[in-house]
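Trainee:
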Amino acid sequence: MTYTLYGHRRSGSLAVEMALAEIGTDYEVRDVDLEAEGQRDAGYAAVNPQRKLPALVTPAGETLTESVAILLTLDRRHPAAALLPEDEAACAQALRWLLFIATEIYPVVEINDYPERFIPAPETVTAQREVARSLWRTRWQLVEDAIEGDPYLLPSGFCVTDLYIAVVSRWAQQDTWRREALPKVETLTAAVAARPATAPVWSRHRPEETPGRFG
Ligand SMILES: N[C@@H](CCC(=O)N[C@@H](CS)C(=O)NCC(=O)O)C(=O)O
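When you line the sequence shown up against this note's numbering, it's residues 12 to 226, in that order.
(1) Leaving out five residues before and five after A177 in sequence, what residues of the same chain have Cβ atoms less than 6 Å from its Cβ?
(2) Is T172 helix, strand or coil by DSSP?
(3) Out of Y163, T69, E197, A93, which one is the CA nearest neighbour of D173?
(4) Hey, quick one: how far does the alpha helix (DSSP H) through A192 stretch, first residue to last?
(5) By the 10 Å Cβ neighbour count, where 16 or more other Cβ atoms means buried, how is R206 classified, buried or exposed?
(6) Which runs of the alpha helix (DSSP H), 4 residues or longer, sit entirely within the stretch 100-153?
(7) Quick one: what's E97 bridged to in DSSP?
(8) Give the straight-line distance between the Cα atoms of L8 and A66, rounded to the nearest whole angstrom.
(9) Please work out which residues of its chain come closer than 6 Å, Cβ to Cβ, to I158, disregarding the five sequence neighbours upstream and downstream, and give them in chain order.
(10) Quick one: what's got a C-beta closer than 6 Å to R150's C-beta in the same chain, skipping five residues either side?
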């Protein structure tokens with residue numbers, strides 16, 4: 012038995028897929044096409060009743076959802092991959108920013124992508140989206156300012172939070188702004204995209220942003 016990852020290109024499943032690649036374990040990906048609303052299918056609802064990606068079925072048959080829960084579980088089960096730093100103080104910072112992105116930034120993308128879930132009046136969609144994107148920019152600036160390493164978040168080197176930063180920072184149609192405003196996030200993302208383990212996964216999901224094609 013191997014891991015089975017329910018995911019879709021460019022979605023949050025990319026962070027989990029890259030963590031699996033860092034671990035070096037076998038996995039298979041089942042595509043759930045978000046553009047075709049595949050997450051609404053009854054078959055997928057049986058995997059994740061919340062009808063969101065990613066979901067991971069472990070070799071033991073357990074179903075895991077919630078991207079951060081999945082990543083932290085993988086870290087505990089595969090300590091040799093060092094997805095989180097061994098040093099306690101460094102680990103605390105890795106968790107701090109992982110959770111900040113998961114709880115304060117990731118949810119904003121739902122307002123951007125599915126505004127109709129939050130507002131009854133279609134004529135206010137544009138304004139609602141701009142509020143979401145403004146929040147997005149303010150919160151990403153905090154992540155930018157928190158990047159103390161070079162190229163990664165932590166001076167001690169790579170950790171799983173770097174994968175999360177690379178994946179989530181690409182969303183919400185903020186590419187032009189991001190390239191100008193978040194140079195450290197861009198450098199970090201380019202480094203994630205070039206890691207030996209993650210590069211093949213990254214380039215399958217984001218061929219337009221492979222090493223040498225940033226900026
Ligand atoms: N809290 C969840 C959020 C998952 C999430 O919003 N996933 C998006 C893809 S990146 C999704 O499935 N969206 C489809 C929808 O909301 O219908 C997690 O961290 O896993």
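Positions of the beta carbon are idealized from the N, C-alpha and C atoms, including for glycine. All figures in this text were calculated on a predicted structure; none of them were measured in a lab.
Mentor: Walking through what the data contain:
(1) T200, V203
(2) helix
(3) Y163
(4) 186-192
(5) buried
(6) 117-124
(7) E97 is not bridged to any residue.
(8) Residue 8 is absent from the structure shown; the chain starts at 12 and stops at 226.
(9) L164, K195
(10) E115, I116
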